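Trainee: There's a structure below that I have some questions on.
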Amino acid sequence: MDIGDLKDLLSRVRKGKVSLEEALRHLKDLPYKDIGFARVDSHRALRCGFPEVIFCQGKTPQQVVAIARQIIKGKGDLLATRADEKIYQAVLKEFPEAKYHESARAITIKRSTRRPTKGLILVVTAGTSDIPVAEEARVAAELMGNRVEALYDVGVAGIHRLLGHRGLLTQARVIVVVAGMEGAL
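Here our numbering is used: position 157 in the sequence shown is 204, and no number is missing along the way.
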């Protein structure tokens with residue numbers, strides 16, 4: 048549930064289209080839904096503006112699908128990280144609109160209609176081994192409605208490779224730097 052869902056529910060109660068008891072049934076699982084092996088945060092979007100993210104590592108495909116069902120009820124978006132092909136296939140079987148971002152090891156489902164944000168997020172890596180983490184950040188930021196550009200392999204003891212992109216660096220409102228073994232960035 049996000050702020051729009053809550054406003055809609057309260058409006059329907061006010062207009063008499065939904066009974067108080069029915070509204071309470073919708074709200075009874077707040078702030079989380081216990082599905083046995085996990086407690087899915089059903090209020091994350093309301094509190095933070097984006098639903099809970101599924102960290103897939105260590106979970107079975109069936110667990111990921113069960114959690115995903117709870118997160119994307121209605122019009123919610125889904126971001127699942129550290130996902131492999133087996134988990135993606137299980138999610139895809141349940142949700143045909145799911146997309147797999149192989150280099151990010153992320154699964155996304157886009158259902159909301161977020162207005163694009165102002166400004167630019169720049170994702171920068173020092174070396175090529177940093178790209179998977181950077182791609183995860185890029186995919187997440189784009190799913191949240193941001194315009195994102197990437198500069199990869201611009202560090203690792205070669206600051207001149209980064210400074211050649213001064214224009215882009217000054218345009219960015221946010222810069223995400225992934226630099227696992229880098230000293231200059």
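Beta carbons are placed, not taken as given, at the ideal position from N, Cα and C, and that holds for glycine.
These figures come from a predicted structure and were not determined experimentally.
Leu77 and Ser89 look like a contact to me (Cβ under 8 Å); what is the Cβ gap, rounded to whole Å?
Mentor: That belief holds up - the Cβ atoms of Leu77 and Ser89 are roughly 6 Å apart, short of 8 Å.
Trainee: Between Ile154 and Ala219, how many whole angstroms is the CB-CB distance? I'm expecting something under 8 Å.
Mentor: About 27 Å separates the two Cβ atoms, so there is no contact after all.
Trainee: If you run the structure through DSSP and keep just helix, strand and coil, what is Tyr135?
Mentor: helix
Trainee: What residues are listed by DSSP as bridge partners for Val171?
Mentor: Leu198 and Val224
Trainee: Would you check if the region 115 to 124 and the region 84 to 101 touch, i.e. whether three or more CB-CB distances between them fall below 8 Å?
Mentor: Yes, since at least three Cβ pairs between the region 84 to 101 and the region 115 to 124 fall closer than 8 Å, the two stretches touch.
Trainee: Quick test of your reading: Leu190 and Asp124, contact by CB under 8 Å. State the CB separation rounded to the nearest angstrom.
Mentor: A Cβ-Cβ distance of about 6 Å is found for the pair Leu190 and Asp124, placing them in contact under the 8 Å criterion.
Trainee: With 16 as the cutoff for other CB atoms within 10 Å, does Glu149 come out buried or exposed?
Mentor: exposed
Trainee: Who are Val87's beta bridge partners in DSSP?
Mentor: Lys80
Trainee: State the beta-bridge partners of Thr128 as determined by DSSP.
Mentor: According to DSSP, Thr128 bridges with Phe102.
Trainee: Quick one: measure Cβ to Cβ for Leu93 and Ile134, integer angstroms, because I've assumed they're closer than 8 Å.
Mentor: With 8 Å as the limit, Leu93 and Ile134 do not qualify as a contact, their Cβ atoms being about 27 Å apart.
Trainee: Excluding the five sequence neighbours on either side, which residues of its own chain have a C-beta within less than 8 Å of the C-beta of Ala145, listed in chain order?
Mentor: Here the set comprises Leu125, Tyr135, Val138, Leu139, Ile154, Thr155 and Ile156.
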